[in-house]
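A.B. asks:
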Amino acid sequence: MPSRAPQAQGAQAAGARRGVPLRGPRARGERERGVPAAATLEAVARYWGRGVRRRRGGLRPPRASARCALVMVTKERPYHLVVFGASGFTGQFVAQEVAREQVVLEQSSRLPWAVAGRSREKLQRVLERAALKLGRPTLPSEVGIIICDTTNPASLDEMAKQAAVVLNCVGPYRFYGEPVVKACIENGTSCIDICGEPQFLELMYWKYNEKAAEKGSYIIGSSGFDSIPADLGVIYTRNKMNGTLTAVESFLTIHSGPEGLCIHDGTWKSAVYGFGDQSHLKKLRNESNLKPVPIVGSKLKRRWPVSYCRELNSYSIPFLGADVSVVRRTQRYLLENLEQSPVQYAAYVTVGGITSVIKLMFAGLFLLFFVKFGIGRQLLIKFPWLFSFGYFSKQGPTQKQVDASSFTMTFFGQGYSQGVSPEKNKPNMRICTQVKGPEAGYVATPIAMVQAAMTLLKDISDLPKTGGVFTPGAAFSRTKLIDRLHQHGIEFSVISSSEV
Numbered sequence: 001m002p003s004r005a006p007q008a009q010g011a012q013a014a015g016a017r018r019g020v021p022l023r024g025p026r027a028r029g030e031r032e033r034g035v036p037a038a039a040t041l042e043a044v045a046r047y048w049g050r051g052v053r054r055r056r057g058g059l060r061p062p063r064a065s066a067r068c069a070l071v072m073v074t075k076e077r078p079y080h081l082v083v084f085g086a087s088g089f090t091g092q093f094v095a096q097e098v099a100r101e102q103v104v105l106e107q108s109s110r111l112p113w114a115v116a117g118r119s120r121e122k123l124q125r126v127l128e129r130a131a132l133k134l135g136r137p138t139l140p141s142e143v144g145i146i147i148c149d150t151t152n153p154a155s156l157d158e159m160a161k162q163a164a165v166v167l168n169c170v171g172p173y174r175f176y177g178e179p180v181v182k183a184c185i186e187n188g189t190s191c192i193d194i195c196g197e198p199q200f201l202e203l204m205y206w207k208y209n210e211k212a213a214e215k216g217s218y219i220i221g222s223s224g225f226d227s228i229p230a231d232l233g234v235i236y237t238r239n240k241m242n243g244t245l246t247a248v249e250s251f252l253t254i255h256s257g258p259e260g261l262c263i264h265d266g267t268w269k270s271a272v273y274g275f276g277d278q279s280h281l282k283k284l285r286n287e288s289n290l291k292p293v294p295i296v297g298s299k300l301k302r303r304w305p306v307s308y309c310r311e312l313n314s315y316s317i318p319f320l321g322a323d324v325s326v327v328r329r330t331q332r333y334l335l336e337n338l339e340q341s342p343v344q345y346a347a348y349v350t351v352g353g354i355t356s357v358i359k360l361m362f363a364g365l366f367l368l369f370f371v372k373f374g375i376g377r378q379l380l381i382k383f384p385w386l387f388s389f390g391y392f393s394k395q396g397p398t399q400k401q402v403d404a405s406s407f408t409m410t411f412f413g414q415g416y417s418q419g420v421s422p423e424k425n426k427p428n429m430r431i432c433t434q435v436k437g438p439e440a441g442y443v444a445t446p447i448a449m450v451q452a453a454m455t456l457l458k459d460i461s462d463l464p465k466t467g468g469v470f471t472p473g474a475a476f477s478r479t480k481l482i483d484r485l486h487q488h489g490i491e492f493s494v495i496s497s498s499e500v
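Per UniProt numbering, the very first residue in the sequence shown carries number 1; after that it's consecutive.
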């Protein structure tokens, strides 16, 4: 299964990027502002090299001949959306969210969609449960069913040929994700996933970005709770700061009710395999030969493995999910393609008091030790409840646990007011923003995924001009996705902003 899945003071994601462009004007409609200080220009100029606009081996712009619009729904391609893996634990919630989205629309505005998976009977039951929950008994007869399997490439091709956008809920993605990406690209179909596995996400970019651009396919990873709140939260913070944002720390807090907290073991499996395969991720990054993104302003200091956050009155530990990888890739994209000053980023999760710290430390030690060995990984996967101290189970959370849970992600940003040089001064601007929402894995994740899909379908003119493999921030930074999320219960807000 996929990795973990998540009153505002204005939720507009767009808004003018402040400052001046790094280079001369781009083509009409392409100019993007976001670098307000001359010192920033100097730092980024060193990154590009003297007169070098694109470095060898870096992020390559798609070829000019690539298509720049999503495929249209036709008789041969009848569905706007296909939820692949709809009978899985997370997939069933995504299917319910698509159905809920269609219920609120006028009949003439509803989008034809389908569910896909290996078992027709299981898919039918998913639709029946959604119909019962939404009070819409005709739902099963209104939704298409497609039978396909990741081990059968021909069946994946048939699924991709019938959809404009595939919502891929089948994980772990390191095992099952690539055939879906490949089938979608070959058939000019776009694909959104909720992956929280950095190795898969980064590998798909290096293998398929150019091909996706040629085919006009938008392949957008980590579009669930991993990592839309973090990625768009940083972009939102940048847009709301009256100056140059140079560094952000985020702190995730998960709130649970009296029933406690529980996560389905699909997320646990992805973590086990991910930690057990760290060497391959390191090798991939070394072979990519990426030039470091320049640091603008003061370098963001990393916290200790266990630190105390006074602002939140809680201990915190580094967040080990995909957020840091995703945000950094977005910042590289925004620098290289939209000429925006890069933002440093670090992610943490609050853990409450010292008792929780000790409990999580033991769970982390168990995980890091056992993932080194094949038999250790088998034990971790077989007994998730034991080794995670009750946080993960094969059954997943109960409905009461889901209903009582929520999340808050708090962002502390620092930067420079207009006219202040980042290279010669300490940060003189502070901003605090928040992203808040319902239960992370099975409520916020479906909302984020479905609204990402709706944005992909409706905000075509605000997307990157060609297809490719993107992070959420790279794909949606200029769209209305933050507004859509806000309207569906994932709220973005400014807590405070000041000059110091």
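Heads up, the beta-carbon is just placed ideally off N, CA and C, and yes, glycines get one too. Since we're looking at a predicted model, the values are computed, not measured.
1. Which word fits Q399, buried or exposed, when buried means at least 16 other C-beta atoms lie within 10 angstroms of its C-beta?
2. By the DSSP assignment, the beta strand (DSSP E) with E249 in it spans what residues?
3. Thinking C-alpha only, which one of M454, E101 and F373 is nearest Q278?
4. Within the continuous beta strand (DSSP E) that includes W113, where are the two ends?
5. State the Cα-Cα distance for the pair C148 and P258, rounded to the nearest angstrom.
6. Scan the segment 360-430 and note each continuous alpha helix (DSSP H) run of 4 residues or more that stays entirely inside, going in chain order.
7. Where does Y308 land, buried or exposed, given buried means 16+ other C-beta within 10 angstroms?
8. Quick one: Cα of G221 to Cα of C184, how far?
9. Can you tell me the Cβ-Cβ gap for Y218 and L463, rounded? I've got them flagged as a contact below 8 Å.
10. Please determine if the segment 97-105 and the segment 282-297 are in contact, where contact requires at least 3 C-beta pairs separated by less than 8 Å.
11. Based on Cα-Cα distance, which residue from A212, V326, G144 and K161 lies nearest to G467?
12. Could you name the residues of the same chain whose beta carbon sits closer than 6 Å to that of A475, not counting the 5 residues immediately before and after it, in chain order?
13. For A11 and V420, what's the separation of their Cα atoms in angstroms?
14. Span of the beta strand (DSSP E) holding H80?
15. If you run the structure through DSSP and keep just helix, strand and coil, what is C184?
16. Taking P305 as the reference, which of L360, W268 and T410 has the closest Cα?
17. Taking the C-alpha atoms as reference points, what is the distance between I263 and S393?
18. Report the option in Q96, S109 and E101 whose CA atom is closest to the CA atom of V115.
19. So, using beta-carbon positions, are G473 and G243 closer together than 8 Å?
20. Using 8 Å for Cβ pairs, my map puts L312 next to T350. What's the rounded Cβ distance?
21. Between the Cα of I146 and the Cα atoms of G88, A154, R136 and M159, which residue gives the shortest distance?
22. Could you tell me if L456 is buried or exposed, where buried requires 16 or more neighbouring beta carbons within 10 angstroms of its beta carbon?
23. Using 8 Å for Cβ pairs, my map puts H255 next to F407. What's the rounded Cβ distance?
24. Which word fits N152, buried or exposed, when buried means at least 16 other C-beta atoms lie within 10 angstroms of its C-beta?
25. Report the rounded CA-to-CA distance for K461 versus G390, giving the unit in angstroms.
26. Comparing alpha-carbon positions, which option in V94, E186 and P172 lies nearest L156?
27. Assign V83 to one of two classes, buried (16 or more other C-beta atoms within 10 Å of its C-beta) or exposed (fewer than that).
28. Measure how close the beta-carbons of S223 and M449 come, nearest whole angstrom, since I'm counting them as under 8 Å.
29. Quickly, what does DSSP pair Y345 with across the bridge? List them, please.
30. By how many angstroms is the C-alpha of G188 removed from the C-alpha of Q340?
31. I need the DSSP call for L312, collapsed to helix, strand or coil.
32. Which class does P294 belong to by DSSP, given the choice of helix, strand or coil?
33. Can you tell me whether T151 is helix, strand or coil according to DSSP?
34. Considering Cα atoms alone, identify which of P292, I358, G376 and K301 is closest to A346.
35. Name the residue from G352, I375, R77 and I192 whose alpha carbon lies nearest to the alpha carbon of V272.
36. Any idea what DSSP makes of P140, helix, strand or coil?
C.D. replies: Reading it off the structure:
1. Result: exposed.
2. Here the beta strand (DSSP E) through E249 covers G243 to H255.
3. Looking at the Cα atoms, F373 is the closest of the given residues.
4. That run of the beta strand (DSSP E) goes W113 to G117.
5. Rounded to the nearest angstrom, the two C-alpha atoms are 40 Å apart.
6. Here the runs fully enclosed are 374-382, 384-387 and 399-404.
7. When all chains shown are included, Y308 counts as exposed.
8. Using only the alpha carbons, I get a separation of about 13 Å.
9. With a beta-carbon spacing of about 7 Å, Y218 and L463 fall inside the 8 Å limit used to define contacts.
10. Too few Cβ pairs lie closer than 8 Å, so no.
11. Closest in C-alpha terms to G467, from the list A212, V326, G144 and K161, comes A212.
12. Listed in chain order, the non-local C-beta contacts of A475 below 6 Å within the same chain comprise I220, local neighbours out to five positions each way being set aside.
13. Confidence in A11 is poor, its pLDDT being 40 and thus under 50, which makes the residue's placement unreliable; the coordinate value appears in the next sentence. Between A11 and V420, the C-alpha separation is close to 28 Å.
14. From DSSP, the beta strand (DSSP E) with H80 extends over Y79 to F84.
15. C184 falls in the helix class under three-state DSSP.
16. Here the closest residue by C-alpha is L360.
17. Linking I263 to S393 through their CA atoms gives a straight-line distance of about 6 Å.
18. Proximity to V115 across Q96, S109 and E101 peaks at Q96, based on C-alpha coordinates.
19. It is not a contact, given that the beta carbons lie outside the stated cut-off.
20. Right, the Cβ-Cβ distance comes to about 6 Å (below 8 Å), so this counts as a contact.
21. Across the set G88, A154, R136 and M159, the C-alpha of M159 shows the shortest separation from the C-alpha of I146.
22. With 16 or more other Cβ atoms within 10 Å, it is buried.
23. Yes, they are in contact, since the Cβ atoms of H255 and F407 sit about 7 Å apart, within 8 Å.
24. Burial call: exposed.
25. Note on identity: in this sequence residue 461 is Ser, with Lys being the wrong assignment. Spanning the alpha carbons of S461 and G390 requires a straight line of approximately 46 Å.
26. Nearest C-alpha to L156: E186.
27. Its Cβ being crowded by 16 or more others within 10 Å, V83 is buried.
28. So it is a contact: roughly 5 Å between Cβ atoms.
29. Y345 pairs with V248.
30. Approximately 30 Å between the Cα atoms of the pair.
31. Looking at L312 - three-state DSSP - the assignment turns out to be coil, as it is neither helix nor strand.
32. In the structure shown, P294 sits in coil (DSSP, three-state: anything other than H, G, I, E or B).
33. Three-state result, T151: coil.
34. The shortest CA-to-CA distance from A346 to any of P292, I358, G376 and K301 is the one to K301.
35. Among G352, I375, R77 and I192, the Cα nearest to that of V272 belongs to I375.
36. Three-state result, P140: helix.
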